[in-house]
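**Q** Have a look at the structure that comes next, please.
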Amino acid sequence: MATPTSTVTRGGNRHWHCTQVLPLLLLVPLCFALLVESGGIPTTLDGPFPPATRAFDRALRQGSNDVPLTDPRLAPRVQPPAPEQIALAASADADSLWVSWVTGRARVGSSNLAPLDPAAAGSEVWYGERSAADAASYPHVVTGSAEVYSQLYPYPGLLNYTSGAIHHVRLRGLRPATRYYYRCGDSSLPGGLSDEHSFTTLPATGAGCYPRRAAVVGDLGLTGNPTATVDHLARNDPSLVLMVGDMTYANQYLTTGGKGVPCFSCSFPKAPIRESYQPRWDGWGRFMEPITSKIPLMVIEGNHEIEPQGHGGEVTFASYLARVAVPSKESGSNTKFYYSFNAGGIHFIMLGAYIDYNRTGVQYSWLEKDLQRVDRRVTPWVVAAWHPPWYNSYSSHYQEFECMRQEMEELLYEYQVDIVFSGHVHAYERMNRVFNYTLDPCGPIYIGIGDGGNIEKIGMDHADDPGKCPSPSDNHPEFGGLCHLNFTSGPAKGKFCWDRQPEWSAYRESSFGHGILEVLNSTYALWTWHRNQDAYAENSVGDQIYIVRQPDKCLLQPASASSLNW
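Now the structure itself:
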């Protein structure tokens, strides 16, 4: 799609369209060169960087306590049939957007728990480009669908759960980079509509248009640390949020509720199944609503979303699949476990690590076709995200998803994916450009951002620390096989772990936080990681670098890239 050629109005104020901004952006590379020469923010062109670690002060707290469901941020703020837990999600392109919410009250109890009727309240979104005093004053209304889900445990003493009605409505025909006002709910019921909210659509797909800021966060949960993370993230005013899995940590609780625990199997070794307390999902939805009701939240599943239920855990991901709206059909995946979407000149690919990723599987075939369809003249940047990292020098989850890397890495390299975000490891780590454990100037920049602040506490031990190298039989993935390997070249040849920080690990730090990606033009993007740990100033910048694409040197085939030297 070409860049827009008409002026867009936002909230009554005229602003530039993308083609007017583009000539200014063409000056950016020269400005960056001057900045670097004067000792400014480094760029990936300065790499590979010597590995650096900022150690965690073990005298500090490694985690924080639960936020109880009675907290005003988590407790219900409206009465049925009014909507709550309102959340937005992007569609495949900027002309469409998903609106989701919950009505009615979830129920917790023993057997024979009757589910709510999802049709008890309608699924309507009333919207327009001007604020309106009531629904009838908006020029547009669209309807959608609703569903309920249950979390059922056929074991004595365990409580069951059935959700409120979860509504999903897709808005179409929107104008890019435009502010809209909306109310959702059922206009036929007294008190059935929400208060007015607003959102700004993402920029049009095109090389001259980019979201203002994309926030990236993972492994949140609901303790004191993630509340600080989310507050900090909100102050950074992103136009899009990527959530790389492990949202609520509802499976750190018994079905009877109470306090969550850092290690479920350690605290409850006799539990018949990995239990979960589903009201934590509802509390999380209420806590996030001030952000998600105005900014698209793009999620991908993590291991804490598996949530097995039934005899032997044969049913999984029930809450994730019911609660989230993602552009699965629009991107051709037809599943919420993996999908893609555009945000201006960025093509985002969200992959599933807990569903078949083998080269003979459906996800791999979809990924290959999705990459083939990307026109880098239109979306120069390709950013991928999934939950467990492929590159990780911490002891926790070390080489856990090596099988996935071996199946998919070459395809991402061939199509020159620029940046990869993952979570799972509860610490921060940014890699040098790497492919197949070898420094490579055309490899992606892998970033581990699973440091949102969850109840399982911060990750501190490195696999290269004395006595901290896991056994090859450790770190079993919750999906897929074991493909652990010893390194075949370099300083760690013949070993399972390095005896120093690996050369592909540029910077690592055990602190909670979040990241902000600001794409400036077709070749430069600024990545900033903000630490939230209580030892540091609230607005501290922990890591910052310009990520620079080199499309003239890194062509869309591995043979061209592998011949280059740093």
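According to mature numbering (1 follows the signal peptide of the UniProt record, and there is no 0), the sequence shown holds residues -33 to -1, 1 to 533 in order. Every residue gets a Cβ at the ideal spot worked out from N, C-alpha and C, and that includes glycine.
1) Verify whether the separation of the beta carbon atoms of GLN52 and ASP249 is less than 8 Å.
2) For ARG21, collect the residues of the same chain with a Cβ closer than 7 Å to its Cβ; drop the 5 residues on either side in sequence, then sort them by chain order.
3) Measure the Cβ-Cβ separation of THR283 and ARG247 and say whether it is below 8 Å.
4) Relative to the C-alpha of PRO18, which candidate in GLN517, ASN399, SER440 has its C-alpha closest?
5) Roughly how many whole angstroms lie between the Cα atoms of GLY159 and ASP432?
6) Which first and last residues belong to the beta strand (DSSP E) in which CYS151 is found?
7) Quick check on SER5: buried or exposed, where buried means 16 or more other Cβ atoms within 10 Å of its Cβ?
8) Anyone know if the C-beta pair for HIS354 and VAL211 falls short of 8 Å?
9) Identify whether PHE254 lies in helix, strand or coil by the three-state DSSP scheme.
10) Out of GLY509, TRP471, VAL515, which one is the CA nearest neighbour of TYR491?
11) Enumerate in chain order the residues of its own chain whose CB-to-CB distance from LEU156 is below 7 Å, with the five nearest sequence positions on each side excluded.
12) Among GLY191, ARG180, HIS451, which has the Cα closest to the Cα of GLY30?
13) Just to confirm the assignment, what range does the beta strand (DSSP E) spanning ARG397 have?
14) Taking C-alpha atoms, which residue in LEU288, LYS435, GLY299, ARG241 lies nearest to residue 537?
15) As a quick exercise: from ARG202, GLN46, THR223, pick the residue whose alpha carbon is nearest that of SER77.
16) Using the C-alpha atoms, what's the distance from PHE304 back to VAL45?
17) Buried or exposed: where does SER438 fall if 16 or more other Cβ atoms within 10 Å of its Cβ makes it buried?
18) In chain order, which beta strand (DSSP E) runs of at least 3 residues are fully inside the segment 288 to 337?
19) Per DSSP, which one or two residues make a beta bridge with ASN127?
20) Suppose you measure from the CA of GLY131 to the CA of GLU274; what does that come to, to the nearest Å?
21) Looking only at its chain, what residues have a beta carbon closer than 6 Å to the beta carbon of SER243, apart from the 5 residues adjacent to it on each side?
22) Alpha carbon to alpha carbon, how far is CYS233 from PHE315? Give it in angstroms, no decimals.
23) Given a cut-off of 8 Å, decide if TYR365 and SER478 are closer than it, judged by their beta-carbon atoms.
24) Distance, Cα to Cα, ASN79 vs SER117?
25) May I ask you to verify whether the segment 408 to 415 touches the segment 340 to 347, counting CB pairs closer than 8 Å and requiring at least 3?
26) Compare the C-alpha of ALA73 against each of GLY173, TRP65, PRO82 and name the closest.
27) From LEU(-12) to TRP333, what distance separates their C-alpha atoms?
28) Count the CB pairs spanning the segment 59 to 74 and the segment 307 to 321 that are closer than 8 Å, and state whether there are at least three.
29) Name the residue from HIS391, ARG146, GLY509 whose alpha carbon lies nearest to the alpha carbon of GLY419.
30) Would the segment 135 to 144 and the segment 108 to 123 be scored as touching if the rule is three or more Cβ pairs under 8 Å?
31) Let me confirm a value: GLN339 is counted as buried when at least 16 other C-beta atoms fall within 10 Å, else exposed. Which label applies?
32) Does the beta-carbon distance from THR495 to VAL486 come in below 8 Å?
33) Name the two residues that bound the continuous alpha helix (DSSP H) containing PHE284.
34) Identify the continuous beta strand (DSSP E) that holds THR222 and give its terminal residues.
35) Check whether the Cβ atoms of ARG40 and PHE254 sit closer than 8 Å, and answer yes or no.
36) Are the Cβ atoms of LEU484 and VAL183 separated by less than 8 Å?
**A** Taking the geometry as given:
1) yes
2) GLU476
3) no
4) ASN399
5) 57 Å
6) 146 to 152
7) With a pLDDT of 43 at SER5, under the threshold of 50, the modelled position of this residue cannot be trusted; read the value that follows with caution. Per the 10 Å Cβ criterion, exposed.
8) yes
9) helix
10) VAL515
11) PRO48, ALA88
12) GLY191
13) 395 to 398
14) What is shown of the chain runs -33 to 533, which leaves residue 537 out entirely.
15) THR223
16) 31 Å
17) exposed
18) 306 to 310, 313 to 317
19) GLY76
20) 18 Å
21) ALA217, ASN218, GLU274
22) 37 Å
23) no
24) 11 Å
25) no
26) PRO82
27) Only weak support exists for where LEU(-12) lies, its pLDDT of 49 falling under 50; the coordinates are left without a value.
28) yes
29) HIS391
30) yes
31) exposed
32) no
33) Careful: PHE284 lies outside any alpha helix (DSSP H) and carries neither H nor E.
34) It is not in any beta strand (DSSP E) - THR222 carries neither H nor E in the DSSP assignment.
35) yes
36) yes
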